[in-house]
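Going letter by letter, the sequence shown gives residues -18 to -1, 1 to 184 in mature numbering (1 follows the signal peptide of the UniProt record, and there is no 0).
C-beta atoms are modelled at their ideal positions from N, C-alpha and C, and glycine is treated no differently.
Okay, structure first, notes after.
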Amino acid sequence: MFRFFLLSFFGITSTAFAADRIAPPPQEARVYAAVDIHAEEKVAIAAEPCDTVQRCPFFREHYQVWDFFPIRIIITNDSDRTLTLDEVRMHFISSHNDRIPAATEMEVYRRITAYRRNTRAIESNIALDFDQFGFRSTLVAPHSTASGYLLYDLEGIKQPFSTGQIYVKEVMVFDKKGNRELYAFEIPLAKYVPPVSGTKKP
């Protein structure tokens, strides 16, 4: 079931998307610290957590305050075949083996509005973030990279990024033999190394 929200880095035309609400373009998955590379299948998937509000300031709501943590998933397809994410599962796995799917708009909305008024503005902000920063398509073309931010409810989980992992399964590939499922991807988030404050990436 395709539960995570959709994002496009290939051009956003809606006037509702403010100019300062732009996420940095993704690099190829293999350059990220937290990555699982399937060399034979020529596919790599990486994860980049937004562990603080400051690390991803383009979101309209401070989701981390409510224990929803955005994690960017980057998929690089170096093969000659198209990947499909129609049935993909992208779960956060805790150190206690809790399997947490990406949150839905309604789940995020219900928690935030339980403590805040002006629900109409909150609903609008959440909808815009889901539309702008999620995966735009369920297809990953050959020799391309796609990415999107998923929100995970990590309430009550201690040190989620030093002990947890992202588990991705049911990535399908189109080839002459029909649809085929790739092996599952396991991305330990402990490998994630945040950039040092005050430095710039080359």
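Which of the three DSSP states, helix, strand or coil, is assigned to residue i?
i	result
P170	strand
L164	coil
F112	helix
N142	Going by the sequence as given, residue 142 is Pro instead of Asn. Reduced to three states, the DSSP call for P142 is helix.
D82	The sequence shown places Ile at residue 82, not Asp. Strand, per DSSP.
T101	helix
A(-1)	Only weak support exists for where A(-1) lies, its pLDDT of 48 falling under 50; the value from the coordinates is given anyway. A(-1) falls in the coil class under three-state DSSP.
Can you give me the Cβ contacts of residue i inside the same chain, cut-off strictly under 6 Å, excluding the 5 residues immediately before and after it?
i	result
E69	E152
C32	C38 and P52
D111	F41 and R42
T127	P8, E10 and T58
F167	D18, I27 and V150
Answer yes or no: does any C-beta atom of chain C fall closer than 8 Å to that of residue i?
i	result
F167	Looking for chain C here will not work: only one protein chain is present.
Report all residues from its chain with a CB closer than 8 Å to the CB of residue i; omit the five preceding and five following residues, and keep chain order.
i	result
S129	L(-12), F(-10), P8, R54, I55, I56, I57 and F117
I104	E43, Y91, I94, T95 and R98
E23	S61, V155, L164 and Y165
D2	F40
Which whole-angstrom value is the C-beta distance of residue i and residue j, which I expect to be below 8 Å?
i	j	result
D49	D135	6 Å
V150	M72	5 Å
A84	I169	No, A84 and I169 are not in contact; Cβ-Cβ is about 14 Å, not under 8 Å.
L171	G146	5 Å
Report yes if the C-beta distance between residue i and residue j is below 8 Å; otherwise report no.
i	j	result
A123	E87	no
A11	A21	no
Taking residue i as the reference, which of the options has the closest Cα?
i	options	result
H125	S76, Q147, R37 and D60	D60
L132	L121, Q114 and Y165	Q114
S76	T120, P142 and I27	P142
T34	K158, P52, D2 and Y165	P52
N107	Y45, L65 and L67	Y45
T66	V155, E10 and D111	V155
N161	S119, I82, A11 and R63	R63
F74	S144, N100, K159 and D111	S144
I82	I148, P6 and K158	I148
Should residue i be counted as a contact of the ligand NAD given a C-beta to heavy atom distance under 7 Å?
i	result
H20	The model depicted lacks the ligand NAD and carries no ligand whatsoever.
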